[in-house]
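Numbering (the numbering used here), first residue to last: -15 to 110.
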């Protein structure tokens, strides 16, 4: 358990993916940290910058930009290639980005489940 009995706010994982477009192998270790208020603000600003005039941006591009913005401010340790690729934005292989994001989303679901289970165990305040 992390701060004040909460689950850990970060986790480490590895990926070993082959790019669907380039055929390149992308592997390495990452550390994800749940976003705090500052990171959420940074994510929002970066997503807005990526989307620009959102009226002309297709839905799948909005979704991709959301993923890129989240990864940019929640991954705190990563392989050199991730940094060199502009935190994913310079890659051609969307599947690699989605492999990374899926690991982060799995952690988030586990975190939320643990929070709910902890809340259910606490006696009600009277």
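Where is the CB? At the ideal position from N, CA and C, for every residue including glycine.
Nearest to residue i by alpha carbon, out of the options?
i, options, result
"residue 111", "16, 15, 85", "A question about residue 111 goes unanswered here, because the residues of the chain that appear run from -15 up to 110."
"residue 13", "36, 41, -3, 75", "-3"
"residue 47", "82, 24, 3", "82"
Indicate whether residue i and residue j have their beta-carbon atoms separated by less than 9 Å.
i, j, result
"residue -1", "residue 80", "yes"
"residue 15", "residue 62", "yes"
"residue 64", "residue 30", "no"
"residue 90", "residue -9", "no"
"residue 1", "residue 68", "no"
"residue 6", "residue 27", "no"
"residue 18", "residue -7", "yes"
With a threshold of 16 other CB atoms inside 10 Å of the CB of residue i, please say whether the residue is buried or exposed.
i, result
"residue 45", "exposed"
"residue -15", "Here residue -15 scores only 47 on pLDDT, less than 50, and its place in the model is too uncertain to base an answer on."
"residue 105", "exposed"
"residue 53", "buried"
"residue 51", "buried"
"residue 36", "exposed"
"residue 40", "exposed"
For residue i, collect the residues of the same chain with a Cβ closer than 6 Å to its Cβ; drop the 5 residues on either side in sequence, then sort them by chain order.
i, result
"residue 34", "49"
"residue 75", "69"
Look up residue i in the DSSP assignment and give the residues it is bridged to.
i, result
"residue 9", "2"
"residue 15", "-4, 61"
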